[in-house]
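Quick note: the sequence shown uses the working numbering, first residue 28, plus one each step.
For glycine and all other residues, C-beta sits at the position ideal for the given N, C-alpha and C.
Just so you know, these numbers come straight off a predicted model, no measurement behind them.
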Amino acid sequence: MERKDKTRLSGKSQLIENDHAMSTLDFGTMEFMKWLMEVETGSKECLIIVKDFFENKYVILFDKNISSSVIVCYRESMPWCITCDTDDCGHVGFAICLKQHYDRNDQIIC
Ligand SMILES: [Zn+2]
28 MERKDKTRLS GKSQLIENDH AMSTLDFGTM EFMKWLMEVE TGSKECLIIV KDFFENKYVI
88 LFDKNISSSV IVCYRESMPW CITCDTDDCG HVGFAICLKQ HYDRNDQIIC
């Protein structure tokens, strides 16, 4: 996966403050790995639950960390987190992985 080292001072929403677990793309990627494991092992470690996935439109996640639903929409196939109002939070990282996963597998795992 491509990694862009960009530092952005603005654009971060104040809705979710502090160093919560999903503040960077990397955390989303890590959570996605856990999520994949969960599908196989049935463990419940992942902080993210995938509630709905509409290909190339949006994905609805549930973030256990903040105990609320998170909507990430795809704008011209680039994910944007509506909840955090940014494109570089963990939810976006998760959504990128999720999309790649579905693109590869061409099937939905429920
Ligand atoms: Zn987010």
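(Q) Applying the 10 Å Cβ sphere with the 16-neighbour rule, what's the burial state of Thr-68? (A) exposed
Q.
Going by the DSSP bridge assignment, what does Ile-98 pair with across the sheet?
A. Ile-87
Q: Assign Glu-58 to buried or exposed, taking buried as 16 or more other Cβ atoms, counted over all protein chains shown, within 10 Å of its Cβ.
A: buried
Q: Give me the Cα-Cα distance between Glu-103 and Gln-127, rounded to the nearest whole angstrom.
A: 15 Å
Q | Limits of the alpha helix (DSSP H) - the one that Lys-61 falls within | A | 52-68
Q | Supposed close pair Val-86, Val-66 - CB separation, criterion 8 Å | A | Their Cβ separation, rounded to whole angstroms, is 16 Å, which puts Val-86 and Val-66 out of contact at 8 Å.
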